[in-house]
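So the protein sequences, as listed, match chains X and R. Under UniProt numbering, the first residue of the first sequence carries the number 1, and numbering increases by one thereafter. Under UniProt numbering, the first residue of the second sequence carries the number 1, and numbering increases by one thereafter. The structure appears right after this line, and notes come after that.
There are 2 protein chains.
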Amino acid sequence: MVRTRPLKVALLGCGVVGSQVARLMTTHAHDLAARIGAPVELAGVAVRRPARDRDGVDEALVTTDAAGLVSRGDIDVVVELIGGIEPARTLIQAAFESGASVVTANKALLAQDGPALHAAAEKHGADLYFEAAVAGAIPLLRPLRESLAGDKVNRVLGIVNGTTNFVLDRMESTGAGYGEALAEATALGYAEADPTADVEGFDAAAKAAILAGIAFHSRVRLDDVHREGITEVTAADIAGARKLGCTVKLLAVCERAEDGRSVTARVHPAMIPLSHPLAGVREAYNAVFVEAEAAGQLMFYGPGAGGAPTASAVLGDLVAACRNRVTGGLGPGESAYAQLPVSPMGEVVTRYHVSLDVVDRPGVLAQCATVFADHGVSIETVRQTSSGKEDGGAQVVVVTHRATDAALGATVEALRRLDTVHGVASTMRVEGDQGTGSR
Amino acid sequence: MVRTRPLKVALLGCGVVGSQVARLMTTHAHDLAARIGAPVELAGVAVRRPARDRDGVDEALVTTDAAGLVSRGDIDVVVELIGGIEPARTLIQAAFESGASVVTANKALLAQDGPALHAAAEKHGADLYFEAAVAGAIPLLRPLRESLAGDKVNRVLGIVNGTTNFVLDRMESTGAGYGEALAEATALGYAEADPTADVEGFDAAAKAAILAGIAFHSRVRLDDVHREGITEVTAADIAGARKLGCTVKLLAVCERAEDGRSVTARVHPAMIPLSHPLAGVREAYNAVFVEAEAAGQLMFYGPGAGGAPTASAVLGDLVAACRNRVTGGLGPGESAYAQLPVSPMGEVVTRYHVSLDVVDRPGVLAQCATVFADHGVSIETVRQTSSGKEDGGAQVVVVTHRATDAALGATVEALRRLDTVHGVASTMRVEGDQGTGSR
Numbered sequence: 001m002v003r004t005r006p007l008k009v010a011l012l013g014c015g016v017v018g019s020q021v022a023r024l025m026t027t028h029a030h031d032l033a034a035r036i037g038a039p040v041e042l043a044g045v046a047v048r049r050p051a052r053d054r055d056g057v058d059e060a061l062v063t064t065d066a067a068g069l070v071s072r073g074d075i076d077v078v079v080e081l082i083g084g085i086e087p088a089r090t091l092i093q094a095a096f097e098s099g100a101s102v103v104t105a106n107k108a109l110l111a112q113d114g115p116a117l118h119a120a121a122e123k124h125g126a127d128l129y130f131e132a133a134v135a136g137a138i139p140l141l142r143p144l145r146e147s148l149a150g151d152k153v154n155r156v157l158g159i160v161n162g163t164t165n166f167v168l169d170r171m172e173s174t175g176a177g178y179g180e181a182l183a184e185a186t187a188l189g190y191a192e193a194d195p196t197a198d199v200e201g202f203d204a205a206a207k208a209a210i211l212a213g214i215a216f217h218s219r220v221r222l223d224d225v226h227r228e229g230i231t232e233v234t235a236a237d238i239a240g241a242r243k244l245g246c247t248v249k250l251l252a253v254c255e256r257a258e259d260g261r262s263v264t265a266r267v268h269p270a271m272i273p274l275s276h277p278l279a280g281v282r283e284a285y286n287a288v289f290v291e292a293e294a295a296g297q298l299m300f301y302g303p304g305a306g307g308a309p310t311a312s313a314v315l316g317d318l319v320a321a322c323r324n325r326v327t328g329g330l331g332p333g334e335s336a337y338a339q340l341p342v343s344p345m346g347e348v349v350t351r352y353h354v355s356l357d358v359v360d361r362p363g364v365l366a367q368c369a370t371v372f373a374d375h376g377v378s379i380e381t382v383r384q385t386s387s388g389k390e391d392g393g394a395q396v397v398v399v400t401h402r403a404t405d406a407a408l409g410a411t412v413e414a415l416r417r418l419d420t421v422h423g424v425a426s427t428m429r430v431e432g433d434q435g436t437g438s439r
Numbered sequence: 001m002v003r004t005r006p007l008k009v010a011l012l013g014c015g016v017v018g019s020q021v022a023r024l025m026t027t028h029a030h031d032l033a034a035r036i037g038a039p040v041e042l043a044g045v046a047v048r049r050p051a052r053d054r055d056g057v058d059e060a061l062v063t064t065d066a067a068g069l070v071s072r073g074d075i076d077v078v079v080e081l082i083g084g085i086e087p088a089r090t091l092i093q094a095a096f097e098s099g100a101s102v103v104t105a106n107k108a109l110l111a112q113d114g115p116a117l118h119a120a121a122e123k124h125g126a127d128l129y130f131e132a133a134v135a136g137a138i139p140l141l142r143p144l145r146e147s148l149a150g151d152k153v154n155r156v157l158g159i160v161n162g163t164t165n166f167v168l169d170r171m172e173s174t175g176a177g178y179g180e181a182l183a184e185a186t187a188l189g190y191a192e193a194d195p196t197a198d199v200e201g202f203d204a205a206a207k208a209a210i211l212a213g214i215a216f217h218s219r220v221r222l223d224d225v226h227r228e229g230i231t232e233v234t235a236a237d238i239a240g241a242r243k244l245g246c247t248v249k250l251l252a253v254c255e256r257a258e259d260g261r262s263v264t265a266r267v268h269p270a271m272i273p274l275s276h277p278l279a280g281v282r283e284a285y286n287a288v289f290v291e292a293e294a295a296g297q298l299m300f301y302g303p304g305a306g307g308a309p310t311a312s313a314v315l316g317d318l319v320a321a322c323r324n325r326v327t328g329g330l331g332p333g334e335s336a337y338a339q340l341p342v343s344p345m346g347e348v349v350t351r352y353h354v355s356l357d358v359v360d361r362p363g364v365l366a367q368c369a370t371v372f373a374d375h376g377v378s379i380e381t382v383r384q385t386s387s388g389k390e391d392g393g394a395q396v397v398v399v400t401h402r403a404t405d406a407a408l409g410a411t412v413e414a415l416r417r418l419d420t421v422h423g424v425a426s427t428m429r430v431e432g433d434q435g436t437g438s439r
C-alpha cells in the first residue's frame, strides 16, 4: 500500500524535543516510510529565532511564520512542540481547520482546553495524538486509551514529574535538604532556572488531569486537581518516612470512588512503602501504576523527559497519524461519555502520617488519641518518644487507617489547638499500601 | 457515530479466559458500546463439551460447531481462545474468508504460522490482534507496534512466563530445589499437570519469536529461538547467583546485533543483578524491558496470565477491532520489511558464570585462566575457594566479560578436558548488567 506522494509534516518549535524529532525523521526516513506505507517529509519548521544554528535541519525549511505554515493547505500532520497556551492553541485550531492532524506534547494546553481541541479534531475528521504530554517516552496514554479499552480502570498512581523525583531521590540518598537537592538538580540540568512549574506540582497536576480524564472516560480539568508541591518537604520528613519503611515521592493519584459515582485527582508528596515498585524509581525516571478491574496491577516505567525520549513518543504518534492518512482510519477521539463528577479533596479517602511535638507527661498520648477518635479517624500505629531534653518535650508519631481527607485535616486542626501540643511537626499522606507481586 | 446494528462477536473456547471474556462483555456492555461507537453482542460460543455448566453464558449461544459459527457470514469479530495449532488455524482462516476480524491469544500458532495469518488478514482487509498472546494483561505488543513505531528497538529482555518465574522465585526465597518448588507451583495452580511447555521454555520461546518479529520488523520463527528451560537449575545455582549479588530468572532476550545486520532471540535461565528491575519481579508476574534508541529503557510490568487479566487484553483488542469496523479503519498489519536474518546462538554476545571443581594445588587457577584467554574470552572476576576437605578439592568461580556464546561454550568444553578439572559444576549466562534508573 505504498503511495508515492510523501506525507508532509510541519514542525512547530525546534528546541530540545523538536530538534530530535527533525533528526529522527531524517535518520529513520526509510523505516518510517515502511511503517507508514508512504514516505514522510518535513515540510517546514516554525521557530521564533531563525538565526540560531540548527544542526541537521535544512535552513530552507525554517520559518518564523507558524500560522502561515499550518495553513498552507498541503500539510498532513502538524507537530506542536511550542508548549504553553498561546500561540499553541490558535495554531492547533488552524491546523485542524486546514485539514491536518495534530501531534502535540502540550500537557498544559490539553489539561486546560482538551475538550475544545478534541471537538475541533472530530469536526474536521482529523487525529489528535498526545502521548508525549504525559510521562515522556513511556507508552502510557495509548495503553490506557486502547489496550485497556475493554477494562475498568479504578486507579492511576504515578511519578510523572522527573525534576521532583530527582530532587526527592537526592534528598533520600544523601540526606540533603530541599534547597540543596534542588540546586544540584538545577546544576545537572534536571531543573529549569525557574523550577516553579515542577516543584509546585503544576506540571504533574496537568498530567493528572489528562490521565484521570482518559482513565475514567470523563472530563477532568486542571482546576479539579488538588495540588501540593514538594517545597515543604524536609529532610526530617524523609528520615521519618524511612523509620516507617517508606520513602517520599511526589505522586499523581487518580481514583474512582468506591461507589463508582465520582472520581478524584490529586498531586502531593506522599510516603510509600519501600516494598512498593514506585519506591524504587530513581533520579528523573517516571513510572505509573495502573489498577484495572480485570487486568489487575500494571506498571509502566521509563524516562519521563529529555529530548530523544520525548521525540520517540512524538514519532510514534506521528506514524499513527500518518498511517491513518494512508489507510483512511481515525484514532480514538475524546471519550468522556461516563461524565463522572470530580469530588473535592476532602472526599478523598487516604491515610495520614502525623508527627506532633507534645508535652512529655502521662495522659498526653491518650488525649491526642481521643482527638483522632472524635473525628472518626482510626489509628493504625502510634509511637511516643521522649526528646531527652530538660524541657520535657516528647514526640508522638501517628499513622492512621484510611479516612476522608476532610476528617484527617480537621483532626490535625484540633490537635494544633490542644495546649499539650506544642506543634504539628509534619503531616503527610501515606499511599501505595496494597500488596503487589514485586518486592 | 453510534450505529444501531450491533457488532457480532463469535467466541471460540470458553475456558478460563473465554468465560471471563463472556462475563466482561455482559457486565461492561454499556461501556463497550460507548467506547466502540456501537453496541456489541456475543453471537455464539463454540465449545467442545456443551454440557458443562457455564455461568452467565446464555445456553442458546453455545454450539459445538465452531466452523459453522465462524462461517455464518454475519460475524464481525472472531475471538479465538482454543489455543494450539489445529483446529485454531483452520478456524481463523475461515473467519478471515468470511470477512471477520480476529482477536487471538494463541502464541503457539502465531509463532509457527504468523506470516500466513497476517497475509490472510491483509487479503481480506481484516484485523488480526493478539495482545493477549504475550505477557497476558500487560499492554506490550500495542506499545511495541504503535507507540515505538517511530523509534528503533535494540533489545527486548523479559520475564514472559509466570509459571517458571513462580518456581524460580520460590527456589530463591525458600532455598528449595527445583522439584519441590515445582510441586508447590502445581499445588497452587501456577503450573499445569504437564508443565513441559512452561518449564522447558517452549511457551517463552513462542513469545520471544513474536516479540522479536515485532521489535525488529522481521520474521522470526519458533525454530529461530534458542531455548533452554529451568529443569536443570539447582538450589546451588541460585545460591551461587546470590553470592554475586544476582538472582536467576528465565529470560526471553531478543537483540539486534551491534552492526544492525542481524538479530537473535533466545530463552534461557540467566543471572541478573538484584539491582535490575527484573530481579524484583516475583511470583507469577511478568515484566518486559525494552531498550530503544531514542526512548531509552522502558519497562512494562503486570500479571502475565490468569483468566481476568488475559481477558482484559482480549477485550482491548476486541474494542480496537470493533472500532475499526465502525470507522472503516484498519489496525497495523505484519511489519517484516526489515527482513533481518536471525543469527544462531553461537553469535550471541553475552557473559558467562562458570563454576569449576578443580584439584587444589598451585597453578590450577592460572591453567584455567589460560584456557579462557586461548578462546579469546576475557575474565571479569575469578574466585578460588578450597573445599576444606581432605581430598584437596577446590572450587574456581569465573565471571567473564562479554564474548560470543560459541567462544564461551568452547571454553567450557576445553575446561572439561583439563585433568586438573574434576568437573564443571555449572555454567549460566549473566544478563542485565546495564545501569538503570531503578534500584
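Backbone N, C-alpha and C define an ideal beta-carbon position, used for all residues, glycine too.
Cβ pair residue i, residue j closer than 8 Å
i, j, result
"R/A338", "X/S312", "no"
"R/V263", "R/E255", "yes"
"R/G158", "R/A287", "yes"
"X/G306", "X/G136", "yes"
"R/Q297", "X/G302", "yes"
"R/V40", "R/C14", "no"
Closest by C-alpha distance to residue i, when choosing among the options
i, options, result
"R/Q384", "R/D357, R/A407, R/L408 and R/A403", "R/D357"
"R/V70", "R/T381, R/S98 and R/A204", "R/S98"
"R/V16", "R/L274, R/I272, R/G302 and R/T310", "R/T310"
"R/S378", "R/C368, R/R325 and R/R402", "R/R402"
"R/N161", "R/R145, R/V199, R/A181 and R/G177", "R/V199"
"X/I138", "X/L418, X/E431, X/A67 and X/A105", "X/A105"
"R/M299", "R/G68, R/H276 and R/G393", "R/H276"
Cα-Cα separation, residue i to residue j
i, j, result
"R/V102", "R/L42", "14 Å"
"X/T404", "X/V167", "29 Å"
"R/D151", "R/D127", "23 Å"
"X/T163", "X/V134", "14 Å"
"R/C246", "R/G280", "11 Å"
"X/R351", "R/V156", "38 Å"
"X/A149", "X/A292", "11 Å"
"R/T64", "R/V77", "18 Å"
"X/V348", "X/A406", "8 Å"
"residue 465 of chain X", "R/Y129", "Outside the shown range of chain X, which is 1 to 439, sits residue 465 of chain X, and nothing can be said about it."
"R/G435", "R/A205", "With a pLDDT of 38 at R/G435, under the threshold of 50, the modelled position of this residue cannot be trusted, and the question is left open."
"X/D169", "X/R242", "13 Å"
"X/G437", "X/L418", "Unreliable positioning characterises X/G437 in this predicted model, as indicated by a pLDDT of 35, which lies under 50. A coordinate reading is not provided."
"X/M1", "X/R35", "With a pLDDT of 44 at X/M1, under the threshold of 50, the modelled position of this residue cannot be trusted; read the value that follows with caution. Taking the straight line from one Cα to the other gives about 11 Å."
"X/D259", "R/S426", "56 Å"
"X/D55", "X/S19", "8 Å"
Chain-ordered chain X contacts of residue i [CB-CB under 7 Å]
i, result
"R/V79", "Neighbours of R/V79 on chain X: none; closest Cβ ~11 Å, over 7 Å."
Chain R residues whose Cβ lies nearer than 7 Å to that of residue i
i, result
"X/F300", "F300"
"X/D35", "In the sequence under discussion, the amino acid at residue 35 of chain X is Arg, which differs from the Asp named in the question. Result: A149 and S335."
"X/V319", "A149 and G150"
"X/Q297", "G302"
Within chain R, partners of residue i - CB distance below 8 Å
i, result
"X/Q20", "A294"
"X/T327", "G329 and L330"
Closer than 9 Å at the beta carbon, the chain X residues around residue i
i, result
"R/E184", "Chain X residues near R/E184: none, gap ~16 Å exceeds 9 Å."
"R/H353", "Going along chain X, no residue has its Cβ under 9 Å from R/H353, so there is no contact; the nearest lies around 23 Å."
Per-residue contacts from residue i into chain X (C-beta, under 8 Å)
i, result
"R/G316", "E146, S147, L148, A149, G150 and D151"
Contact list for residue i against chain R, beta-carbon separation under 9 Å
i, result
"X/N324", "G329"
Okay, do the stretch 236-244 of chain R and the stretch 192-199 of chain R touch, 3+ Cβ pairs below 8 Å being the bar? no
Using 8 Å as the cut-off, can you tell me whether the stretch 333-348 of chain X makes contact with the stretch 202-219 of chain X, which would need three or more C-beta pairs spanning the two stretches below that distance? yes
Inspect the CB distances between the stretch 111-128 of chain R and the stretch 107-122 of chain X and report whether three or more fall short of 8 Å. no
Which residues, taken in chain order from the stretch 141-174 of chain R, show a beta carbon closer than 8 Å to some beta carbon of chain B? In the structure shown, chain B cannot be found, because the protein chains are X and R.
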